[in-house]
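What follows is a set of notes on a single structure, which appears directly below.
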Amino acid sequence: MEEDFPIDDTYRPQSIEPRWQARWQAAGIGEVDLGGARRPYYNLMMFPYPSAEGLHVGNVFAFTGADIHGRLRTMQGYDVFEPMGFDAFGIHSENTAIKQGIHPKKLVAANTRNFRRQLERLGGRFAWSHTLDSTDPAYYRWTQWIFLKLFQAGLAYRKQAPVNWCPSCRTVLADEQVISGHCERCDSMVEQRSLEQWFFRITAYADRLLDHLPDMDWSEVIKTAQTNWIGRSTGASLTFAVEAPAVGQIEVFTTRPDTLYGATFLTLAPSHPLALAIATADYRPAVLAYIEQAAQTPSAEADGERAKTGVRTGAFARHPLTGEALPILVADYVLGGYGTGAVMGVPGHDQRDFAFAQAMGLPIRRVISPSAEEDSPLAEAFTAESGVLVHSGPYSGLSVAEGKAAIIARAEQDAFGTAKTTYHLRDWLISRQRYWGPPIPIVYCDHCGAVGVAESDLPVLLPETDDYVPQGTGASPLASIPAFVNTSCPRCQGPARRETDVSDNFLCSSWYFLRYPSHPDVTDRPYDQTLIDKWLPVDSYIGGKEHAVLHLLYTRFICMALSDLGLLPFEEPFLRFRAHGTITFQGGKMSKSRGNVVTPDDLFDRYGADTTRLYLMFLGPYQEGGDYSERNIEGIWRFLQRVHRLVAQSTNGPRACAAPHLADLHRVVKRVTEDLETLKYNTAIAALMEYNNLLRQREDAISHQELATFTLLLAPLAPHLAEELWQALGGAFSVHEQPFPTYDPAQLVEATATIVVQVDGRVRERLTVPAGTSQAEVRRQALELEAVQRHLADAEVARVVFVPDRLLNIVRED
RNA sequence: GCCGAAGUGGCGGAACGGCAGACGCGCCGCACUCAAAAUGCGGUGGGCAUUGCCCGUGUGGGUUCGAAUCCCACCUUCGGCACCA
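Just so we're aligned, residue 292 is where the first sequence starts under the working numbering, counting upward by one.
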């Protein structure tokens, strides 16, 4: 079946790339026998949102790096599953659809086709028979099923709460989708609205999500981001009795119970339920005005730090240890949504409390000092955690750590408080008041309340409508489709109404990789357990860091929850995650609004996919990314031309590599292997360039072994050209199914060594000696060198430092 | 403010504590050409210079025979979080 492929004189990617792509497709190169694989290796990359603009260089960069990894593992003998799909639900698709006046369904179909065409041109080793589209009812049926499972387990719940509302997208957003008070999608300032919404109880998993991190083989940058986002802080919950005029209690959270003696006031968030209730008649109007004003201005969270404002309530709380009356104030620097929405004001040892105390004329007291002797007045808050307690009654003299423990113990004994842990992480807001998403599978019945749709009735199909523009009323477009809304209760069969919100797009992407192996053959379950056992958790996941606290955290949560429900045999879905870098353009973000999105078709047309792949990988370290500029592409183009020419002109050499060249050959195998395995694609390419330069400048004939090895090393990076060269070298189809070259460390040993000779640490001369020459011998030769004698002058030799086969440093006496 | 990453030629970037600047771009020179492009060959951190020498990895200290690399302090840039008690 082998066709004869006489190699062209010149490298013409435009003709060889489509030819090999067709051949690979016909041979099913990317497909793997999922059931029968002996060494399964799941090579995952983040499935893209198929935008109207098509694949951009950032996608190409990401996928190329992951594809190289998959190809390497394949050649190393693994059965690599490398699926690709489309994350096509969500606001992004919908906004484009609204803008262009094309129904999202049509738009997505066209965009997906275009993406697939581009991905095929790129030459990825994708298992297309398992591709999926999150907007396909056969997929989102199971997205809804996951919602139901969480609902049944009490992990999905509905509550009225202040939520982030994006006025431009006309929907609520999860905390993770709000970046410094702005919508991550459209950058609009986010407002607070009080709405009844669906949440996932991710906070119940906060400790587990956090505690697994240290042992996970993930890029540190992601682990740090998740650690910070979960934001666990330990301290105490303390209760203060409100004395007058009302009677009640205020619970505060503090990480510094040791500073309790320094509390001189209490502060409530404007949204605190007691804020108005405790105010005395005199202060009530001012408190009310402050609360109303705070409700209108963007929340403190949206605004960042600003001048402290607040009002007194006229009410006082009793200090649990000193009995002192502490004024209670309301101020917007205290966040309603964190801790208990109330803090004890310790101005001496908290910057914010200090600023607030100054603004409001409240007393500032030192209760922690660097040492027991030091007791100067405070010009600023002393926030160090090292020091001793002072002016703290019986606790004076204790260290901060001792003080914390002692005061918590006292609080527990006297029943005014207890040790407590709080988190920055909040529950995941799932509802979206939009059209283009999977409908939340819940029905509201007057008798039975919120009832899950029967599993047998899934999917709840997204109704066809041309009226999909969000209203901004807080209701989804689905609410105005009576045929969708009106239904019967799954439990009592009485009249009922459907939930009209759809779920967050991040739910779609939280489980897609569980589905890939089963899709599309398994239709009666979300995934087949045998395939899950065989293929998951994912061996390698490569993706962008922008999803550190979105997709990557949500996904871990969903898998943990499914694991607890006995639906998955593991808690952590990704054994290894590597964050690739970001491709910028002229130093800035590449975005449609800046009009600087570069699409790959142009590069494919001019240079071909292989040059594009290598060029992007050569831009800089893969995990750091780089700035896109076409300056360097000519260098890659020339390199591939030279490689092509070298092989085309050297097919008649000897079979085996001559002995003197073996060390070079083994060295390049070692370098490329190590660099590819650690995703250092830029230096792997440099090593191949060096070797290519070495071969083409060599006087004696180049062997088949050298060319074949080089071609195999090149294969993961430039799959089309490698296939072409492999063919020209008489190799059997396909180069991508050959074993990756291995090296023999014994062959790396050089016969001679170049020793750097230094005098006082400065290089003065070089010596070539047989490898393994002794220090005494190297020293003897070195001392005879003219340059050494000149620099040594008449000085005595104080000592000699010798690194075998590398360096000799002669140190002079002072 | 906090967390993270990083500062190296004209540019992108290489360098287990041991020859700084691999590899590539750009530039200069040469060859080929009527000419250009393409291609090939050579050169290319700065300074002084006759062999040679000095200075150089953001800044200032330190450790070391020896530091781009390790330690301390600082500056700058990028990314993330940001009144989280």
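Backbone N, C-alpha and C define an ideal beta-carbon position, used for all residues, glycine too.
DSSP places PRO891 inside the alpha helix (DSSP H), whose first and last residues are 891-898. Residue pairing of TYR735 in beta bridges, as defined by DSSP: ALA741 and ARG788.
Judged by beta-carbon spacing, GLY639 lies within the 8 Å limit of GLY553, meaning their Cβ atoms are closer than that value. The region 718-727 makes contact with the region 781-801; the number of CB pairs closer than 8 Å reaches 3 or more. Contact between the region 849-865 and the region 490-500 is present: 3 or more CB-CB pairs across the two stretches fall below 8 Å. The region 566-643 is shown to contain whole beta strand (DSSP E) runs of 3 or more residues at 601-609, 616-622 and 633-636, in chain order.
In the three-state reduction of the DSSP assignment, CYS850 falls in the helix class. For ASP424, the CB contacts under 8 Å within the same chain, skipping 5 residues up- and downstream, are GLY376, PHE377, ALA379, VAL399, THR403 and TYR430 in chain order. DSSP places VAL1069 in the uninterrupted alpha helix (DSSP H) bounded by 1066-1075.
Rounded to whole angstroms, the Cβ separation of PRO768 and ASP758 is 6 Å, and the two are in contact under 8 Å. Residue environment: ARG789 is assigned as buried (16 or more neighbouring CB atoms within 10 Å of its CB, all protein chains considered). A contact is defined here as three or more CB-CB pairs under 8 Å, and the region 513-523 meets this definition with respect to the region 835-845.
DSSP, reduced to helix, strand and coil, places VAL1092 within a strand of the structure shown. Between VAL679 and SER690, the beta carbon gap of about 6 Å places them in contact (Cβ cut-off 8 Å). Each residue's CA atom was taken as its position, placing ASP830 and ASN923 some 33 Å apart. Shown here, VAL760 sits in coil according to DSSP, grouped into three states, outside any helix or strand.
Around LEU579, the same chain offers LEU567 as residues with beta carbons nearer than 7 Å, after the five sequence neighbours per side are excluded.
Counting along the chain, no alpha helix (DSSP H) covers ASN923, and no H or E run does either.
Short of 8 Å from the beta carbon of ALA444, and not among the five residues preceding or following it, lie these beta carbons of its own chain, in chain order: ALA852, ASP855 and LEU856. Put simply, the region 433-450 touches the region 731-748. At least three CB pairs are less than 8 Å apart.
Judged by DSSP in its simplified three-state form, CYS780 adopts coil rather than helix or strand. CA-CA distance, VAL533 to ARG816, rounds to 56 Å. Beta-carbon to beta-carbon, GLY688 and MET651 are separated by about 31 Å, too far to satisfy the 8 Å threshold. For GLU981, there is no enclosing beta strand (DSSP E); the residue is part of the alpha helix (DSSP H) that begins and ends at 972-987. In the DSSP assignment, PRO453 falls within the beta strand (DSSP E) that extends over 447-457. For SER306, the enclosing alpha helix (DSSP H) stretches over residues 304-318. Counting along the chain, GLN996 sits inside the alpha helix (DSSP H) bounded by residues 995-1005. For TRP1017, the uninterrupted alpha helix (DSSP H) run begins and ends at 1010-1019, by DSSP. Proximity to GLU411 across ARG1071, SER562, SER662 and LEU346 peaks at LEU346, based on C-alpha coordinates.
Here LYS695 is buried: its Cβ has 16 or more other Cβ atoms, across all protein chains shown, within 10 Å.
Apart from sequence neighbours up to five positions away, the residues of its chain that approach VAL1026 with a beta-carbon distance below 6 Å are ALA1006, ALA1013, GLU1014 and TRP1017, ordered along the chain.
The beta-bridge partner set that DSSP reports for ARG412 is empty.
Close CB contacts of PHE544 within its chain, under the 7 Å cut and outside five residues either way in sequence, are with GLY526, SER528, GLY630, THR631, LYS711 and THR713 (chain order). For ALA954 and TYR898, the gap between their C-alpha atoms comes out near 34 Å. Assigned with DSSP and collapsed to three states, GLY834 falls in strand.
When rounded, the separation of the alpha-carbon atoms in ASP641 and VAL658 is 12 Å.
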